[in-house]
Each structure stands twice: as C-alpha cells, then as structure tokens.
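The structure appears right after this line, and notes come after that.
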Amino acid sequence: MGENLLYKFYEWNISRKLSQDKMPKHVALIMDGNRRYSKIQGNIDVIKGHEMGVDTLEKVLDWTIELGIEIVTVYAFSTENFNRSEHEVEGLMNLFVKNFKRIVSHEKIHKNEVKVKAVGKLDLLPDNVLEAIHEAEKSTEHYDKRLLNIAIGYDGRQEIVDSIKKIAIEVKEGKLEPDEITESDVSKNLYTAGLDDPNLIIRTSGEERLSGFLLWQSSYSELYFCESLWPELRKVDFLRAIRSYQERERRFGV
5 MGENLLYKFY EWNISRKLSQ DKMPKHVALI MDGNRRYSKI QGNIDVIKGH
55 EMGVDTLEKV LDWTIELGIE IVTVYAFSTE NFNRSEHEVE GLMNLFVKNF
105 KRIVSHEKIH KNEVKVKAVG KLDLLPDNVL EAIHEAEKST EHYDKRLLNI
155 AIGYDGRQEI VDSIKKIAIE VKEGKLEPDE ITESDVSKNL YTAGLDDPNL
205 IIRTSGEERL SGFLLWQSSY SELYFCESLW PELRKVDFLR AIRSYQERER
255 RFGV
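Residue 46 in my numbering is what sits at position 42 of the sequence shown, and the numbering runs on without skipping anything.
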C-alpha cells in the first residue's frame, strides 16, 4: 500500500511539471519483453505474456489520451516474428483477431474518437486477421481526432524497398524523372504515408536498438529506453519518458 501511494505521488509530481506545449504529437512504442516476462513468471505460456502485453497497451493508450498525444504507433509483430514457434505465431494471430474485433465496439476507442490503422506487409497475414483488421479500420475510419497505428507484419527495410519500388514504377511510366526524386517521394510511398514522423520512440525491456522499426521515419526522433518489460510498464515509467523528451534540446541534422 505504501509503495503504491509513493508511486501515485511520483506520478502526480512528474505530471504537474510536464508542459502541454512540449508534448510530443506522435509517440511510437516498441513493446518488448512479453516473452521474457512469461519466463520470469514461472515459465507460464508465452501467449499469456502477450495477453498481458495487450492489457498494458490499453493502459498506455489511456495515458496518451490524458496527455493529449495525438498519434501512437506500436510495433506489434515484425516479419521476423513469423520465424517463431508455430504455437506462438498461431497464438499471436488469434490474439490479433480477438483484439481487432474488440475495437469495433470498444467503448474508449469510440468515446475518444481513435482511428485505428494497421501498417505493414498485410498480405503476409492470414485471412481471418485481415478480416478483423478491416472491421476495426472500417468502424473507426471517420475519426480524425487521434490515431493508433498498429505495425503488424512490419519490417522497416522492406518498407523502404517497397517505397522505392513504387517510385520506380512512376519513373518507368514516365511520371517522374530520376533526378526529380526527393525525400518527400519516399515518405509518401511508405506504409505510414501522410503521417508526421514520431517525435519520441520508446522501447521497453532494456534493449537499446530499433530492430527495424520506422527506420526512415525515425531520422530525428528522440529515443528513450526503459528497463521495464512491456507487461510491467507503469504509468510512472511512461511519464519519465515524456519528461525526458521535454527536457531535451531537440536538434535536427546535428
């Protein structure tokens, strides 16, 4: 009880010092540590760890809404994750189906007008996952207040390659000259086309790398690495990340 009160006080103390003027518009999250958390908890089924990770994501979305953060992008499943055990991949696909379908009638999603979009090589996903994604996107497509991007079947290098392929087609068709290609052309052909780049990228679990996440978009993002495993992430951990971001002097190109 005493520890909870201490953390509540700490949360309040950090929150009151945050500046709304310096709040990041777009926060991206590498939700790392679900599998390690499963092992630490007595080697429970890895899918249980992922389920707890979904609970953490819901809490984090609540915190971003409280803080006025408009765009959240989460790294849910990379193309490399298809190489995991059949049990884990199948379990994750079932989780995706369940939770994308939940979005259709999710009270907080609709109350807060959150548009949900999946980004990645979606053609790699099973039909039932694609169907659930379509239902979720369709049910929120008219919202423009907040945006939740879920990177699934995602790889940052492949995203850049796919963008280049689209540009190459334009060049081949005579719509664009090679020496006319700009950064803007690459950006508008990415999976995240039209979005502001993330101001802040947070990775949990103590690992300090991007692992192929938003490689083009993260050129000037501030990076924050947190020791907590994703299912263990507390509000105070998230607030520390925001505080760290606001204390930095952002420099572009240096």
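The beta carbon of each residue, even a glycine, is placed where N, CA and C say it ideally should be.
| Query | Result |
| --- | --- |
| Please state if the CB of isoleucine 164 and the CB of leucine 194 are separated by a distance shorter than 9 Å. | yes |
| Taking the beta strand (DSSP E) that isoleucine 75 belongs to, which residues open and close that run? | 75 to 82 |
| Look at the alpha carbon of tryptophan 220 and the alpha carbon of glycine 160, and state the distance between them as a whole number of angstroms. | 7 Å |
| Taking the alpha-carbon positions, what's the leucine 126 to histidine 54 distance? | 20 Å |
| Within 10 angstroms of the Cβ of lysine 119, are there 16 or more other Cβ atoms? Answer buried if so, exposed if not. | buried |
| What would DSSP say about isoleucine 185, mapped onto helix, strand or coil? | coil |
| Under a Cβ-count criterion, where at least 16 other Cβ atoms within 10 Å of its own Cβ denotes burial, should aspartate 36 be classed as buried or exposed? | buried |
| Taking 8 Å as the cut-off, is the C-beta of asparagine 103 nearer than that to any heavy atom in the ligand SAH? | As for the ligand SAH, it is missing from this structure, which has no ligand bound. |
| With a floor of 3 residues, list each beta strand (DSSP E) that falls wholly inside the region 29 to 94, ordered by position along the chain. | 30 to 34 and 75 to 82 |
| If you scan the region 158 to 208 from start to end, which runs of the beta strand (DSSP E) of 3 or more residues do you find wholly inside it? | 204 to 207 |
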